[in-house]
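A.B. asks: Mind having a look at this structure? Questions to follow.
Protein chains: 8
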Amino acid sequence: KRQGFPEVIFGEGKTPSQILDISRAILAKNENILVTRVDKEKAEIIKKELPFFTYHEIAQLLFYKTIEETVPMKGYIAIVCAGTSDMRVAEEAALTAEAFGVEVRRFYDVGVAGIHRLLANIEEIQKATVSVVIAGMEGALPSVVGGLVSHPIIAVPTSIGYGANFQGLSALLTMLNSCASGISVVNIDNGFGGAYNAVTIHRIANQQI
Amino acid sequence: KRQGFPEVIFGEGKTPSQILDISRAILAKNENILVTRVDKEKAEIIKKELPFFTYHEIAQLLFYKTIEETVPMKGYIAIVCAGTSDMRVAEEAALTAEAFGVEVRRFYDVGVAGIHRLLANIEEIQKATVSVVIAGMEGALPSVVGGLVSHPIIAVPTSIGYGANFQGLSALLTMLNSCASGISVVNIDNGFGGAYNAVTIHRIANQQI
Amino acid sequence: KRQGFPEVIFGEGKTPSQILDISRAILAKNENILVTRVDKEKAEIIKKELPFFTYHEIAQLLFYKTIEETVPMKGYIAIVCAGTSDMRVAEEAALTAEAFGVEVRRFYDVGVAGIHRLLANIEEIQKATVSVVIAGMEGALPSVVGGLVSHPIIAVPTSIGYGANFQGLSALLTMLNSCASGISVVNIDNGFGGAYNAVTIHRIANQQI
Amino acid sequence: KRQGFPEVIFGEGKTPSQILDISRAILAKNENILVTRVDKEKAEIIKKELPFFTYHEIAQLLFYKTIEETVPMKGYIAIVCAGTSDMRVAEEAALTAEAFGVEVRRFYDVGVAGIHRLLANIEEIQKATVSVVIAGMEGALPSVVGGLVSHPIIAVPTSIGYGANFQGLSALLTMLNSCASGISVVNIDNGFGGAYNAVTIHRIANQQI
Amino acid sequence: KRQGFPEVIFGEGKTPSQILDISRAILAKNENILVTRVDKEKAEIIKKELPFFTYHEIAQLLFYKTIEETVPMKGYIAIVCAGTSDMRVAEEAALTAEAFGVEVRRFYDVGVAGIHRLLANIEEIQKATVSVVIAGMEGALPSVVGGLVSHPIIAVPTSIGYGANFQGLSALLTMLNSCASGISVVNIDNGFGGAYNAVTIHRIANQQI
Amino acid sequence: KRQGFPEVIFGEGKTPSQILDISRAILAKNENILVTRVDKEKAEIIKKELPFFTYHEIAQLLFYKTIEETVPMKGYIAIVCAGTSDMRVAEEAALTAEAFGVEVRRFYDVGVAGIHRLLANIEEIQKATVSVVIAGMEGALPSVVGGLVSHPIIAVPTSIGYGANFQGLSALLTMLNSCASGISVVNIDNGFGGAYNAVTIHRIANQQI
Amino acid sequence: KRQGFPEVIFGEGKTPSQILDISRAILAKNENILVTRVDKEKAEIIKKELPFFTYHEIAQLLFYKTIEETVPMKGYIAIVCAGTSDMRVAEEAALTAEAFGVEVRRFYDVGVAGIHRLLANIEEIQKATVSVVIAGMEGALPSVVGGLVSHPIIAVPTSIGYGANFQGLSALLTMLNSCASGISVVNIDNGFGGAYNAVTIHRIANQQI
Amino acid sequence: KRQGFPEVIFGEGKTPSQILDISRAILAKNENILVTRVDKEKAEIIKKELPFFTYHEIAQLLFYKTIEETVPMKGYIAIVCAGTSDMRVAEEAALTAEAFGVEVRRFYDVGVAGIHRLLANIEEIQKATVSVVIAGMEGALPSVVGGLVSHPIIAVPTSIGYGANFQGLSALLTMLNSCASGISVVNIDNGFGGAYNAVTIHRIANQQI
Ligand SMILES: Nc1ncnc2c1ncn2[C@@H]1O[C@H](COP(=O)(O)O)[C@@H](O)[C@H]1O
Ligand SMILES: Nc1ncnc2c1ncn2[C@@H]1O[C@H](COP(=O)(O)O)[C@@H](O)[C@H]1O
Ligand SMILES: Nc1ncnc2c1ncn2[C@@H]1O[C@H](COP(=O)(O)O)[C@@H](O)[C@H]1O
Ligand SMILES: Nc1ncnc2c1ncn2[C@@H]1O[C@H](COP(=O)(O)O)[C@@H](O)[C@H]1O
Ligand SMILES: [Mg+2]
Ligand SMILES: [Mg+2]
Ligand SMILES: [Mg+2]
Ligand SMILES: [Mg+2]
Ligand SMILES: [Mg+2]
Ligand SMILES: [Mg+2]
Ligand SMILES: [Mg+2]
Ligand SMILES: [Mg+2]
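Protein chains in written order, with our numbering: chain A, 14 to 222; chain B, 14 to 222; chain C, 14 to 222; chain D, 14 to 222; chain E, 14 to 222; chain F, 14 to 222; chain G, 14 to 222; chain H, 14 to 222.
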């Protein structure tokens, strides 16, 4: 019933052979496969056995698309983040959404310390169905975006930073306490989860109830 | 453009006269008004001046509806919680959603320690556009609901509990770490925010993009 | 040598009679007196004995100016905060700076969830020698102001908020992790300290080295 | 008096030669030996000297059974966990219980996000004397199992997860705050302790008082 | 099937009229009733309506026994604690166990700072089926008892203490890290839970499997 | 307008080729370049391509000065720290300030456990426009310096220490709670930020308003 | 054997009648009695029954001396603290030591933000056998005193402060991380414990081994 | 004046050449030298240059004794710990005390989970001037020893343990909250500090005041 959505394997803490076993079971059901959190070394072992997988190193994802979605979706999701350091998480989100057949627009250089770059892009962001807003360090970006757009925002804190950042705790608390409405939060570095929530909402936007 | 949505005042930490001033400014714009986190004493002072407000004591909300939504929305939001102790937050969520013109269905006796009551209601929950799932203590309910339904879930941790609950921290962490997909989280006790996010999604479900 | 700066008494945890004793000792030296963190009840007891004190209830300050600064300072300090809830801290800062003979400009309705109000005021903020930027909840305001102005910013987190705010911890961490440069931070709710640092800097700006 | 129970050595932080010394002292008393938390490298060094040890790599245990329990026990302990990532801890528990001469039944694919797999096994779980329920991430499994069975549950949080999981803190707090009765908790990743408690209870069930 | 066990109501956060409603529903089923965490004021209101309840002020419990257990159990549970300050929790545990029809022996003056009093009682403690060991401050008592007896120990940390005790966190961590085996832990101040677990084990000891 | 100030690149988490790209873009604008947090290995790769960079290993900085400041500034900044262990952070601060064209005086052996060394230097410290005071372990140095000088102090906690130091948390809290006035704080190990704030203040001292 | 040392009762959390019972039991053994942490109201109830007690309101102590120490001790203990806010704890320490028959010298206005007052007193402090150094807020005083004297220092953190002080955690961590040697630490606000440790050391200094 | 006490170098975070420089400076003053926290590799480099150093690998100490103490001290210090895992810290303490010319007696197998081994040694422990009691995991040993002996106890928490031990936090809190009197605490793993405090006290015991 999930119309061509991939089966997802959480790769962290799994051995290549465990990932291969699960992948083959999914293949047998003729489903697309997305494997998250796979480092390069693991990916290479897996690709030796199942070479049709595409590996995205920066996002640490393996993907294999065997069937197309039945009905293409309209509209797009905005993936918004501040700079180069959050890109691993941002790309995990962006490629996840694309693996689920959703169009994505990336806004990757729009941190709050240079608010004008964000303002220059805000109209295109606003036209998205939903935004995934990713930020490390102080994690203030979702609050600012949330004040400027009216669609739902999935905020993803990252562990980027040091010292009193406490591995992403700072960004996490910032997002949970946002004074802008319409923001909900997923786990630190959970780009996949941010995208998955956005896809779920985007699908609703494509299905008149 | 928000088609009859109320203006919202966060009542906590505001004096009755501050709330009255802001309310009158909103009235002048002919908008509906929702005031959250107003205790009984404050509510009575405010109602003496602006008696058309309805006060919901359990949810600590004041509401005044002066205009109707232009287009009624279809479908409903599920408000799901475990027992009597989380009701303050659950009703803050339910009445907020209703104030925004959205139909709500309440599922209030479905905690994970008695999973069969949840299973008995799961079909009606699944038919909602989105669920707001509220839980204190260990906060496990969103994970279980998330595994049973496919629509987006906004998880609201509550501060109900004692000891190693640390005023809701336990439930908050549980929800952020959920192994079910499609769950995003708002601040502890933020019933308003849970509902606001759900309304934002529900509105999309009513607007083909 | 401090050219008319008041002596400051930290009123919290002191009895009225302790405050009276210290005040009289300062009076004997013919100095201005600033007492911080004095609640109304205490203030009234003290004013019965020393009626020349002015009490600022919202800021919880007592002030008595007996001598003028020798050389008036040029320029002003900007006190920037988001809304009504942070006003206790903002006024503690503003009145402290004024007690030290420094001109203050207040920008009190400029939170990040409504960035345009901030942008509308940014030129006047930028012309200040230094800004004291006060924020509770997610505490993102200093980052945004810091990206827009080039003078030093003293960031003051407040304990306003609830749940995962943890009595101001969230705002504190946000400010310490700011990705904008030129921001330094004082203790939660320390409006006095924020202003004192700003005054120290402002004085330098008035004294060519 | 402990009727054939092994002596247990906590291998973490001990050198192979320390473990060998202690093992030889136990052998001299003609007791079974269980060594926990031994990595592969250490195990190999030890096995060169004492080759009768069996090494269980996934559980990181060395075991040597030289004498049989005097009276075999009836009934079994259920070891319940969610998925593949918690298996190191689950196997530490299962093999510990077996080393103590207790029959174990494993239920390893029954996480709360797929509640039906748990329900499909619940009758066999319920027939156990006691369950050891192991979970990482949000740690909700013991609450759900606790609501379905009436025997004692020893809950073992694991450090599996990332971000706001804080190395198992999330699962630990969840379990301590469970709203199901009959659940007590041991340290994060303490599969041994979970099993030891269960064995102690199981032994009582085999000894009419 | 629970052979005369009471239904339990968690009284904290419930109004007297909510407790009365639930109590009447239980009465209709002809069950014993235990209400925990009821302060004196609430208890008096409830007793005006349902005067057959017995109120235990120190333990904050209401109890009504309408039917006897079908089969009386043999043996006893030891309730062990250090001094007078933990008595609220110790009595919650002791009276809960008694409400479930289990004999209890109290050992209330046996803290680790005076180890000889504990040693003087250890034989009688050892003869219990299971011990509930309650301690605040540093919470070391379960470790010492655990090293001296071979039956299962349910450790209950209390919030008694100040400063670096952090409302019971210190005792909780101590118990989770105990180097004695056979100890499992419940939430801070959860005397009810400690006893409930012990009763569950005690029942097994009375039912040959 | 920043009169010869360098552009700053935060090197941590950036690849050499990312740093090279950004550096070349800055070169094209004819600006000085400061790269912070570059380890030796990265620095060598970068220097192979852009050999005019000077690398400061202890401070982990790369610097290239292509243009001089238009107007040299008068006065100096004091960089104060306790001993050899905090030198990485102290040198990050000192070299940053120098890269911004500001004279620096170093006071590196003046910890609070040997107060007389500090007192021996205090006059020269006092003559600075502003001090950057760096301390790990208990972080008490800024409080003592703050009580002895009247200019602004930027306090930089470091992560030096072990155990209850919690990676710099101890020093951070100490500085935020300082009972001396005129102290504001930046993130743990943020020598760059400490210096940047000081430079911003120093520039004001050189520009009569 | 403790030559006239009082029996000590920890008054916090005990009822007046419990304190009276324990006091009478001690009287029967003809021992001096010290009761700590008794508020005024409780003290008055107790004094009605046992009027020979002396009550020290600021230190919250009751004391009754019925027998003299057999051998008076030589030398004194220094009680060192910063200001008026820590006086409750300082007096608890000072009066405890005196109750144990030890001479005390008080140094109460010597905080690190005004180091010269400390230096002015340091010779007299150094001549003590041992110092109890009490500090709230940043808690830096023991480090500075520890660097100046060579005898043992018992450091007592207090909960005085606000915000990032976290009820004394800041001062506690500071003291545990002191870079001066010869400092050991007791619980937050534990003036009694600080003095008790000092007395134990002082007694050794009076007993040639 | 310190009568033959060694100069101490804290080796952690210092390079071999820094340690060599400081050592040579101390040699020039003809003092004994103790270097703490030196790993084997560093020690070997240093010993190549200064071969008279003795290296204690388990304690990670380098020591060189060039002059004898003027007056040998009487009595001994007890170093008490639970088992093999805390030995690194215990030996750091024991060898430090010996380097300061104090006799040490080691009691290394006396954990609280086997209280009888402690009781078997308690008389010899009691005869010490002062005990250094070292414990990881739950850290309960100082409380039990403190209840059995009347001399001062310096408690040293270690980071030994896992999970809810939080790198020694559990043992630290236990010791700070001890209900036995006469216990003061140093930083986690600070064997040196524990011994240094004990030596300071022991010296007093040898010097009639
Ligand atoms: N209970 C609540 N919790 C969190 N945010 C709220 C709550 N109620 C209202 N708000 C938000 O607070 C905003 C109004 O804040 P204020 O301007 O301070 O009244 C609303 O637009 C909402 O976004
Ligand atoms: N003091 C207590 N602490 C923790 N849980 C309790 C306590 N008292 C009762 N309970 C649990 O709460 C359940 C009843 O909760 P409720 O339905 O909210 O009254 C009981 O079945 C017990 O499992
Ligand atoms: N060591 C540092 N710590 C914190 N912030 C830094 C550091 N070095 C540079 N920055 C800031 O990072 C900015 C550049 O970030 P980026 O664009 O990611 O290279 C600079 O303008 C500085 O504000
Ligand atoms: N293992 C240790 N832990 C804590 N402090 C130590 C340790 N070893 C030495 N010290 C202290 O560090 C001081 C020397 O520090 P430093 O000048 O950095 O070598 C000594 O005088 C001791 O007070
Ligand atoms: Mg919005
Ligand atoms: Mg789902
Ligand atoms: Mg700026
Ligand atoms: Mg159950
Ligand atoms: Mg045992
Ligand atoms: Mg100063
Ligand atoms: Mg000293
Ligand atoms: Mg003792």
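Just so it is clear, CB atoms sit at the ideal spot from N, CA and C, and this is done for glycine as well.
#1: Going along the segment 27-61 of chain H in order, which residues come within less than 8 angstroms of chain F, judged by CB to CB distance?
#2: My parser needs the beta strand (DSSP E) runs of 3 or more residues fully inside the segment 47-107 of chain B; what are they?
#3: From the DSSP secondary-structure annotation, give me the bridge partner or partners of residue 20/D.
#4: Just list the residues that DSSP pairs residue 117/A with in beta bridges.
#5: With a floor of 4 residues, list each alpha helix (DSSP H) that falls wholly inside the segment 130-191 of chain D, ordered by position along the chain.
#6: Buried or exposed: where does residue 129/A fall if 16 or more other Cβ atoms within 10 Å of its Cβ makes it buried?
#7: Return the CA-CA distance between residue 59/A and residue 102/D, expressed in angstroms with no decimal places.
#8: Is residue 206/C close to chain F, meaning its C-beta is less than 8 angstroms from at least one C-beta of that chain?
#9: Within 8 angstroms of any Cβ in chain A, is that where the Cβ of residue 181/F sits?
#10: Taking only beta-carbon atoms, is residue 126/G less than 8 angstroms away from chain C?
#11: Just tell me which of 194/F, 192/F, 193/F and 172/F has its CA closest to the CA of residue 185/F.
#12: Identify which residue in 24/A, 92/A and 89/A has its Cα closest to the Cα of residue 68/A.
#13: Following a CB-centred definition, is residue 213/F positioned closer than 7 angstroms to any heavy atom of ligand 3?
#14: Going along chain C, which residues have a C-beta under 9 angstroms from residue 2/G?
#15: I'd like to know if residue 172/D contacts chain E, where contact means its C-beta is closer than 8 angstroms to some C-beta of that chain.
#16: Please state the DSSP three-state secondary structure of residue 217/C.
#17: Bridge partners for residue 123/C per DSSP, in chain order?
#18: How is the beta strand (DSSP E) around residue 196/C delimited, first residue to last?
#19: Terminal residues of the continuous alpha helix (DSSP H) containing residue 38/F?
#20: How would you list, in chain order, the residues of chain C whose beta-carbon sits under 8 angstroms from the beta-carbon of residue 11/F?
#21: DSSP three-state label for residue 14/C, please.
#22: Report all residues from its chain with a CB closer than 7 angstroms to the CB of residue 96/D; omit the five preceding and five following residues, and keep chain order.
#23: Using only the alpha-carbon positions, how far apart do residue 218/G and residue 113/H sit?
#24: Determine which residues of the segment 59-91 of chain G have a Cβ less than 8 angstroms from any Cβ of chain H, and write them out in chain order.
#25: Please work out which residues of its chain come closer than 7 angstroms, Cβ to Cβ, to residue 14/D, disregarding the five sequence neighbours upstream and downstream, and give them in chain order.
#26: Do residue 11/F and ligand 3 come close, with the Cβ less than 7 angstroms from some heavy atom?
#27: Answer yes or no: the CB of residue 207/F versus the heavy atoms of ligand 3, is any distance below 7 angstroms?
#28: Please check the pair residue 164/C and residue 144/C, which I expect to be a contact at CB under 8 angstroms, by giving their CB distance rounded to whole angstroms.
#29: Going by DSSP in three states, residue 206/C sits in which element: helix, strand or coil?
C.D. replies: On the basis of the coordinates in this document:
#1: 27 and 31
#2: 67-69, 74-77 and 89-94
#3: As a working note, residue 20/D is residue 7 in the fourth sequence. For residue 20/D, which the question treats as bridged, DSSP gives the partners 46/D.
#4: Within the first sequence, numbered from 1, the residue matching residue 117/A stands at position 104. Beta-bridge pairing links residue 117/A to 90/A.
#5: 154-161 and 182-189
#6: For the purposes of this step, residue 129/A is identified with residue 116 of the first sequence, where counting begins at 1. Per the 10 Å Cβ criterion, exposed.
#7: To locate residue 59/A, count along the first sequence from 1; it is residue 46. To locate residue 102/D, count along the fourth sequence from 1; it is residue 89. Each residue's Cα considered, the two are about 26 angstroms apart.
#8: Working through the third sequence from its first residue, we reach residue 206/C at position 193. It does: the Cβ of residue 206/C has a partner Cβ on chain F nearer than 8 angstroms.
#9: Here residue 181/F corresponds to residue number 168 of the sixth sequence, with the count starting at 1. Cβ-Cβ to chain A under 8 angstroms: yes for residue 181/F.
#10: For the purposes of this step, residue 126/G is taken as the residue at position 113 of the seventh sequence. Chain C, which has no Cβ nearer than 8 angstroms to the Cβ of residue 126/G, makes this no.
#11: If you number the sixth sequence from 1, residue 185/F lands on position 172. It is 172/F.
#12: Looking up residue 68/A in the first sequence gives position 55. The option with the nearest alpha carbon to residue 68/A is 24/A.
#13: Start at 1 with the first residue of the sixth sequence, and residue 213/F comes out as number 200. Result no, Cβ not under 7 angstroms from ligand 3.
#14: Missing from the structure shown is residue 2/G; chain G here goes from 14 to 222 and no further.
#15: Walking along the fourth sequence from the start, residue 172/D turns up at place 159. No, its Cβ sits nowhere closer than 8 angstroms to a Cβ of chain E.
#16: Taking the first residue of the third sequence as position 1, residue 217/C is located at position 204. Of the three classes helix, strand and coil, the one that applies to residue 217/C here is helix, per DSSP.
#17: Here residue 123/C refers to the residue found at position 110 when the third sequence is read from its first residue. Paired residue(s): none; residue 123/C is not in a bridge.
#18: For this step, residue 196/C is matched to residue 183 along the third sequence. First-last of the beta strand (DSSP E) with residue 196/C: 196-198.
#19: Taking the first residue of the sixth sequence as 1, we reach residue 38/F at position 25. Looking at the DSSP string, the run of the alpha helix (DSSP H) that includes residue 38/F is 29-41.
#20: In the structure displayed, chain F extends from 14 to 222; residue 11/F sits before or after that span and is not available.
#21: For this step, residue 14/C is matched to residue 1 along the third sequence. Annotation note: pLDDT 42 at residue 14/C (below 50); position unreliable, coordinate value reported separately. Residue state, collapsed to three classes: coil.
#22: Looking up residue 96/D in the fourth sequence gives position 83. Cβ within range, chain order: 122 and 124.
#23: Mapped onto the seventh sequence, residue 218/G falls at position 205. Mapped onto the eighth sequence, residue 113/H falls at position 100. The alpha-carbon atoms of residue 218/G and residue 113/H are separated by roughly 19 angstroms.
#24: 87 and 88
#25: Mapped onto the fourth sequence, residue 14/D falls at position 1. Residue placement at residue 14/D cannot be trusted, given a pLDDT of 42 that sits under 50; what the coordinates show is reported in the next sentence. The answer is none, since no qualifying residue turns up.
#26: Outside the displayed range of chain F (14 to 222) lies residue 11/F, so it cannot be described from this structure.
#27: Taking the sixth sequence and counting its residues from 1, one reaches residue 207/F at position 194. Not so, every heavy atom of ligand 3 lies at least 7 angstroms from the Cβ.
#28: Numbered from 1 along the third sequence, position 151 holds the residue referred to as residue 164/C. Numbered from 1 along the third sequence, position 131 holds the residue referred to as residue 144/C. With a Cβ gap of about 7 angstroms, residue 164/C and residue 144/C count as contacting.
#29: Counted from its first residue, the third sequence places residue 206/C at position 193. Three-state DSSP puts residue 206/C in a helix.
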